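Undergrad:
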Amino acid sequence: MASVHESLYFNPMLTNGVVHANVFGVRDWVTPHKMALLVLLSELGRAGAQLGLLERRRLNRLLLPLLQGPDMALSRLRKAIEECCPHLAGSVHIRLKLMAEGELKDMEQFFDDLSDSFSGTEPEVHKTSVVGLFLRHMILAYNKLSFSQVYKLYTALQQYFQKDEKKNGADENEMELTNPEELDGKMEKEELDGPLREEEIACSGPLSQKQAEYFLSQQASLLKNDETKALAPASLQKELNNLLKFNPDFAEAHYLSYLNSLRVQDVFSSTHSLLHYFDRLILTGAESKSNGDEGYGRSLRYAALNLAALHCRFGHYQQAELALQEAIRIAQESNDHICLQHCLSWLYILEQKIFDSCVLLEHSVNKSLHFGLPYLASLGIQSLVQQRAFAGKAANKLMDALKDSDLLHWKHSLSELIDISIAQKTAIWRLYGRSTMALQQAQTLLSMNSLEAVNVGVQQNNTESFAVVLCHLAELHAEQGYFAAASEILKHLKERFPPNSQHAQLWMLFDQKIQFERAMNDGRYHVADSLVAGITALNSIEGAYRKAIVLKAQNQMSEAHKLLQKLLIHCQKIKNTEMVISVLLSIAELYWRSSCHTIALPVLLQALALAREYSLQYLASETVLNLAFSQLILGIPEQALNILHMAIEPILAHGAVLDKGCAMFLVAKCQVASAASYTPQKKIEALESAILNLNEAKTYFAKVDCKEQLRDVLYFQARLFHTLGKTQERNKCAMLFRQLHQELPAHGVPLINAFK
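With the first letter of the sequence shown counted as 1, position 27 gets the number 26 in numbering that gives the first Met the number 0; the numbers rise by one all the way through.
1. State the CB to CB distance for the pair Gly480 and Lys706, rounded to an integer number of angstroms; the pair is presumed to be in contact (CB under 8 Å).
2. Below 6 Å CB to CB, which residues in the same chain sit around Leu550 once its five sequence neighbours on both sides are set aside?
3. Quick one: give me the first and last residue of the alpha helix (DSSP H) that Glu123 is part of.
4. Nearest by alpha-carbon distance to Gln501: which of Met519, Leu631, Val467, Leu475 is it?
5. Can you look up Arg710 in the DSSP assignment and give me helix, strand or coil?
6. Who are the Cβ neighbours of Ala717 in its own chain at under 7 Å, not counting the five residues just before and after it?
7. Return the chain-ordered list of same chain residues with a C-beta closer than 8 Å to the C-beta of Val130, the five sequence neighbours on each side being excluded.
8. Using the rule of at least 16 other Cβ atoms within 10 Å of the residue's Cβ for burial, across every protein chain shown, is Val358 buried or exposed?
9. Which word fits Trp428, buried or exposed, when buried means at least 16 other C-beta atoms lie within 10 angstroms of its C-beta?
10. So the alpha helix (DSSP H) Phe109 belongs to, where does it begin and stop?
11. Would you verify that the beta carbon of Asp418 is, or is not, closer than 8 Å to some beta carbon of chain D?
12. Rounded to the nearest angstrom, what separates Leu640 and Ile348 at their Cα positions?
13. Below 8 Å between beta carbons: does that hold for Ser629 and Ala599?
14. To the nearest angstrom, how far is it from the Cα of Leu584 to the Cα of Tyr544?
15. Short check: CB of Leu230 to CB of Ala211, under 8 Å?
16. Using a threshold of 8 Å, state whether the C-beta atoms of Ala35 and Leu87 are closer than that.
17. Between Arg196 and the rest of its own chain, which residues show a CB-CB distance below 7 Å, the 5 nearest in sequence each way excluded?
18. Around the C-beta of Arg328, are 16 or more other C-beta atoms found within 10 angstroms, so that it is buried, or is it exposed?
19. Could you tell me whether the Cβ atoms of Tyr590 and Val602 are closer together than 8 Å?
20. Taking a contact to mean a Cβ-Cβ separation below 8 Å, would you say Val656 touches Lys702 in this structure?
21. What are the complete alpha helix (DSSP H) segments, minimum 4 residues, inside the stretch 31 to 57?
22. Do Ser272 and Lys166 have their CB atoms nearer than 8 Å?
23. Starting from Leu508, trace the alpha helix (DSSP H) both ways and give me its first and last residue.
24. What are the boundary residues of the alpha helix (DSSP H) that Gln553 is part of?
25. Check Thr678 in the structure and name its three-state DSSP category.
26. Assuming Ile534 and Leu508 are in contact, meaning their beta carbons sit under 8 Å apart, how far apart are those beta carbons, in whole angstroms?
27. Which word fits Leu182, buried or exposed, when buried means at least 16 other C-beta atoms lie within 10 angstroms of its C-beta?
28. Only counting the same chain, and skipping five residues up and downstream in sequence, which positions put a Cβ closer than 7 Å to that of Leu50?
29. Assign Asp111 to buried or exposed, taking buried as 16 or more other Cβ atoms, counted over all protein chains shown, within 10 Å of its Cβ.
30. Between the beta-carbon of Ala326 and the beta-carbon of Cys338, is there less than 8 Å?
31. Output yes or no for whether 8 Å exceeds the beta carbon distance between Leu810 and Leu723.
32. Quick one, which of Asp248, Ser220, Ser256 has its alpha-carbon nearest Gln236's?
33. Note the first and the last residue of the continuous alpha helix (DSSP H) segment covering Met578.
34. I'd like to know whether the C-beta atoms of Val29 and Tyr141 end up nearer to each other than 8 Å.
35. Could you give the first and the last residue of the continuous alpha helix (DSSP H) run that contains Asp265?
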């Protein structure tokens, strides 16, 4: 048999990384599976007008993947044909049986008759059609076989058919031993599996050049668009090793091996495969191409650029910078402006790790538009928007910039970047604390992806943008107390992005965070503490912050304060403003718990200044609530009530259920404290208003199962009912308080001495 040694000329598309290969001089050989396909084509030609339009359409759709795909078992092929046309499947089986159980001359006669398909004024098959080319390849390959090879082919056909007969006999025996109900269930399961899942078909032995090309392009496309439908990393690597065993110079197999290694974050294997890919590409390309734009030099500079991108992805920034400098040098020597633009984009990413600089990015966007590179220009605009969002620019200006980016997307049909843009809008609205707008953007992206199919059965919704939006959606539902809905979304994420996929870390982090918040609300601090390790493994900053929260809840004040101070210094250094404000609020709460109320005020004012400077409205509102609580503790509840009216509206409109409950609880505390100086009638009205606010707070806390806060609300309500002389209501609240207090005993902290 011929081996796969013909070279494939392939230029990697940096925009999406999908393998596109042009095959020259494809060789093919005859196998029992291909003989079964030839029998199918022969019977299809004989059937002619006897086939209905629907059956013929189904068979035509079936033929292309069968002709391009790898060999499969006869039982699987027969099942696929039966689903399209049952009587044709029977004819194919009978014809194969006669050939396999007959003599060698029957097979010879079959191939002689195939040439008749092209004869006549109106031939059954056109020579240049897909089917015609396949028939001609098979006839030519058969005619080149020696007598011993023909005999081996005939023997292989007999074994191919006999294996199917044995399997059918075993299935019939099993059917006799199985009751009808179990048999129905088994058949339903087989039907759900589908007859043509090429991604699940293992490559047995050497593939032809055409089959290898189809296998690689299909798997590369699935890795980009729908990773769950591609082969598992270990299985895919096994098939690639099988291909490379027969042809070590198969460049595209090395490139797909590189993509496969990236899925499992294997830095050594991915680097090894990438270098081998460009080595093979240079060796095969240098023979027929010059050292110009499409030759040796081009491969070298793109090799260096891909190596820089790989090192940057794994956090090896020094190695990435060296590789990028090499790519820039070669691109400048060759005057390759397109490669230089890609280098400029990566140079910004590398320098962003050291200092914030918009100059490179703005220059990259302008140059990309000048050279007609809309993909790079759009990515540059979105990077600028992201950087300016962290710098605190107004949301309306950012959305105007993203609108200009969207015009580029729609003009050039860049559907992938449309998804990225919507996901970015979702994240920006979340950053600014506008959960309603974030929810709207998330729903927009989900609706768009449900309508766009890349290939039959493949949806382009397994991208990072889709994962980001679903994670935000799960967190938004959890914040509103819809934990069942959040669990369903996370379950969907786990199915769509398995743990070994490249975007699985996104949902893993959100899943751990949601579980942590539920454990803290429920007072199960030991469970929350056990989750900290998992969060730290995925995000060290988030893990350290939540460790401090657990220590604070366990009244380990000094340890929590030390950890928060270290985290504050680190976040200020890396300019993570959102986390800086959260840490400052936690430090202020530590001061309250330590009865250092005056020391907490400067910390809160610093947090408020940062929140307003960076347009973080929700964090600013939360900081104002903390300031109001400080004023309440310092004995000026009237002033606290005045500033509460400034902050409570954004909290109630966009806040989490827990924050809404805390805000209403604080309003009730301020009302009760202010009522001390009122007239008796006005005081009763104020206390009744406070009870109504406490009822609303109690509803919010019950929604997220926050038992500690519920206990505080019930205690406060019981005291107010006692003051108003409502004995029955007081006793009811006291009974509920006692039940919760026995379940969650206080850890030596006064009940009404914390905002949250």
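Just so it is clear, CB atoms sit at the ideal spot from N, CA and C, and this is done for glycine as well.
The structure displayed is predicted, hence computed values, not measured ones.
TA: Working from what's here:
1. The C-beta distance from Gly480 to Lys706 rounds to 14 Å, too long to fall under 8 Å, and the pair is not in contact.
2. If we look at Leu550 and ignore the five residues flanking it on each side, its Cβ neighbours are Glu558, Ala559.
3. Glu123 -> no alpha helix (DSSP H), and no H or E assigned at all.
4. Closest by C-alpha distance to Gln501, out of Met519, Leu631, Val467, Leu475, is Val467.
5. Helix, per DSSP.
6. Hits under 7 Å: Arg729, Cys732, Ala733, Phe736.
7. Take Val130, set aside five residues on each side of it, and the residues of its chain with a beta-carbon closer than 8 Å to its own are Leu40, Leu62, Leu66, Val124, in chain order.
8. Exposed.
9. Around the Cβ of Trp428, a 10 Å sphere holds 16 or more other Cβ atoms; the residue is buried.
10. That run of the alpha helix (DSSP H) goes 103 to 113.
11. Note that chain D does not occur in the displayed structure, where there is just one protein chain.
12. Leu640 and Ile348: Cα-Cα distance of roughly 47 Å.
13. In this structure, the beta-carbon distance from Ser629 to Ala599 falls below 8 Å.
14. Computed Cα separation, rounded: 12 Å.
15. No. Outside cutoff.
16. In this structure, Leu87 does not lie closer than 8 Å to Ala35 by Cβ.
17. With a pLDDT of only 44 at Arg196, under 50, the local geometry of the prediction cannot be trusted, and the value read off the model is given with reservation. If you ignore the 5 residues before and after Arg196, its C-beta comes within less than 7 Å of no other C-beta in its own chain.
18. Flag for Arg328 reads exposed.
19. Yes, these two residues count as a Cβ contact at 8 Å.
20. Here Val656 is near Lys702, since their CB atoms are less than 8 Å apart.
21. Whole alpha helix (DSSP H) segments, 4+ residues: 31 to 46.
22. In this structure, Ser272 lies away from Lys166, with their beta-carbon atoms at least 8 Å apart.
23. Residues 503 to 520.
24. No alpha helix (DSSP H) holds Gln553; DSSP gives it neither H nor E.
25. Of the three classes helix, strand and coil, the one that applies to Thr678 here is coil, per DSSP.
26. Yes, they are in contact, since the Cβ atoms of Ile534 and Leu508 sit about 7 Å apart, within 8 Å.
27. Its pLDDT being 39, under 50, Leu182 is placed unreliably by the model, and the measurement read from it follows with that caveat. By the neighbour-count criterion, in which 16 or more other beta carbons inside 10 Å mark a residue as buried, Leu182 falls on the exposed side.
28. Cβ neighbours of Leu50 beyond the five flanking positions: Cys84.
29. Exposed, by the Cβ-count rule.
30. Their beta carbons are under 8 Å apart, which means Ala326 touches Cys338 by this criterion.
31. A query on residue 810 cannot be resolved here, the shown segment of the chain reaching from 0 to 755 and no further.
32. Among Asp248, Ser220, Ser256, the Cα nearest to that of Gln236 is on Ser256.
33. Counting along the chain, the alpha helix (DSSP H) containing Met578 begins and ends at 576 to 592.
34. For the pair Val29 and Tyr141, the CB atoms are nearer than the 8 Å cut-off.
35. From DSSP, Asp265 is part of no alpha helix (DSSP H); its letter is neither H nor E.
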